[in-house]
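K.L.:
Provided herewith is a single structure, encoded as structure tokens, for subsequent inquiry.
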Amino acid sequence: MMRYGGNTTSFRIDIDGIPPIFVDGGTGLYEEGIRLASQPGPLRIYMLVTHTHWDHILSYPLFEPFYRQDCEVTFFAPVSEKADFPRLIRGQHHDRTFPRSFNEITAHIEYRSFSGGEKFKLDGATISAFRLNHPGITIGWRIEHDERAVCIITDNAPVENNYLGEGMRERAAADPQAFEKEFNDSLTDFILGADLVIYDTHFDEAGIKNRRHWGHSTPQTATAFALEAGVRHLLLHHHAPEDTDFMVDRKLDEARSIAGEQNLVVEAAAEGMVLWL
Ligand SMILES: [Zn+2]
Ligand SMILES: [Zn+2]
9 MMRYGGNTTS FRIDIDGIPP IFVDGGTGLY EEGIRLASQP GPLRIYMLVT
59 HTHWDHILSY PLFEPFYRQD CEVTFFAPVS EKADFPRLIR GQHHDRTFPR
109 SFNEITAHIE YRSFSGGEKF KLDGATISAF RLNHPGITIG WRIEHDERAV
159 CIITDNAPVE NNYLGEGMRE RAAADPQAFE KEFNDSLTDF ILGADLVIYD
209 THFDEAGIKN RRHWGHSTPQ TATAFALEAG VRHLLLHHHA PEDTDFMVDR
259 KLDEARSIAG EQNLVVEAAA EGMVLWL
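Heads up: the sequence shown runs through residues 9 to 285, numbered per the working numbering.
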């Protein structure tokens, strides 16, 4: 964790003239909250959420701007019958597990619900949502502006004989092969020609054996999709907690050897990394 860091998922996307867009509120968001809280207001913040596993939402109760009256937040989050996002966020403040009550939050918070397949304009940007193969409802996000596109594909498992998302098993039942082909083709289309794709590579090929149902991918899968979709830059992300820097290096080497001489830059996500598109 010395070079790549150990915090969990959180990305900030800055586009000229648009409020900051945060994707996920893992532990990586915490320090950003402290930094933002010291800025003069008013604050306008967009929060895209991939899904509600702990490692993607842990910092929301700790996010200082939520405790400011001059802060306006819109959450764009997956919602299903089984998981009501606003209720879940309030539940993070249960007095047995967290000292600050949800009522202390003074920011104005709005929620918009997604289940995948949506496309909408957000100020000058275009945002698209894709339903990934991960337990519950997990959204891959594509953010486009001024002919630049970034896609965040996490968490996501290879779909072959592995249907993890809500309702996927039922949809695959009639014709699994057709379902898998459609899923893979749609995912390729979703990231097509993107300037940057951030992809879940929690496992290596040895690690994913017997753990496909955990809902994560490998550098091999990520690179195959990126090449197929003509992506310019692939960022390996969601390193396993037990990964040492050396193990992340090895994942990176593997992805780069698959990419070979083809026109794809591969890097591994590191804490604090800034990329310009
Ligand atoms: Zn997850
Ligand atoms: Zn995760």
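We put the CB at the ideal spot given by N, CA and C, even for glycine.
Quick caveat: nothing in here was measured; it's all calculated off a predicted structure.
Identify, in the order they occur along the chain, each residue of the same chain with its Cβ nearer than 6 Å to the Cβ of Ile160, setting aside the five sequence neighbours on each side.
P.N.:
So the list reads Val31, Trp149 and Ile206, once near-sequence residues are dropped.
K.L.:
Compare the beta carbon distance of Gly33 and Ser88 with 8 Å and say whether it is the shorter of the two.
P.N.:
No, Cβ-Cβ distance for Gly33 and Ser88 is not below 8 Å.
K.L.:
If you count every other CB in all the chains shown that lies within 10 Å of the CB of Met176, and 16 or more means buried, which is it?
P.N.:
Counting Cβ neighbours within 10 Å, Met176 comes out buried, since at least 16 surround it.
K.L.:
Does DSSP put Leu172 in a helix, a strand or coil?
P.N.:
Coil.
K.L.:
Look at the alpha carbon of Asn170 and the alpha carbon of Arg220, and state the distance between them as a whole number of angstroms.
P.N.:
Going by the C-alpha atoms only, they are around 7 Å apart.
K.L.:
Say the cut is 7 Å; is the CB of His61 nearer than that to a heavy atom of ligand 2?
P.N.:
Indeed, a heavy atom of ligand 2 lies less than 7 Å from the Cβ.
K.L.:
The alpha helix (DSSP H) spanning Gly99 covers which residue range?
P.N.:
From DSSP, the alpha helix (DSSP H) with Gly99 extends over Phe93 to Gly99.
K.L.:
Taking the alpha-carbon positions, what's the Leu140 to Asp203 distance?
P.N.:
For Leu140 and Asp203, the distance between alpha carbons rounds to 20 Å.
K.L.:
Quick check on the DSSP output: the alpha helix (DSSP H) that includes Lys189 runs from which residue to which?
P.N.:
Element bounds for Lys189: Pro184 to Ile199.
K.L.:
Please report the distance separating the alpha-carbon of Glu168 from that of Glu188.
P.N.:
So the two alpha carbons sit approximately 6 Å from each other.
K.L.:
Reducing DSSP to helix, strand and coil, say where Val282 ends up.
P.N.:
Val282: coil per DSSP, three-state reduction.
K.L.:
Could you pull out every residue in the same chain whose Cβ sits closer than 7 Å to the Cβ of Ala278, ignoring the five residues on either side in sequence?
P.N.:
Hits under 7 Å: Arg11, Tyr12 and Gly13.
K.L.:
Can you find the residues in the same chain that come closer than 8 Å, C-beta to C-beta, to Ala91, ignoring five residues on each side of it along the sequence?
P.N.:
Counting only Cβ-Cβ distances below 8 Å, and skipping sequence neighbours, we find Thr60, Gly144 and Ile145.
K.L.:
If you count every other CB in all the chains shown that lies within 10 Å of the CB of Gly308, and 16 or more means buried, which is it?
P.N.:
The displayed coordinates of the chain run from 9 to 285. Any statement about residue 308 would go beyond what the structure contains.
K.L.:
Have a look at the DSSP bridge pairing and note the partners of Ile117.
P.N.:
BP columns for Ile117 point to Val81.
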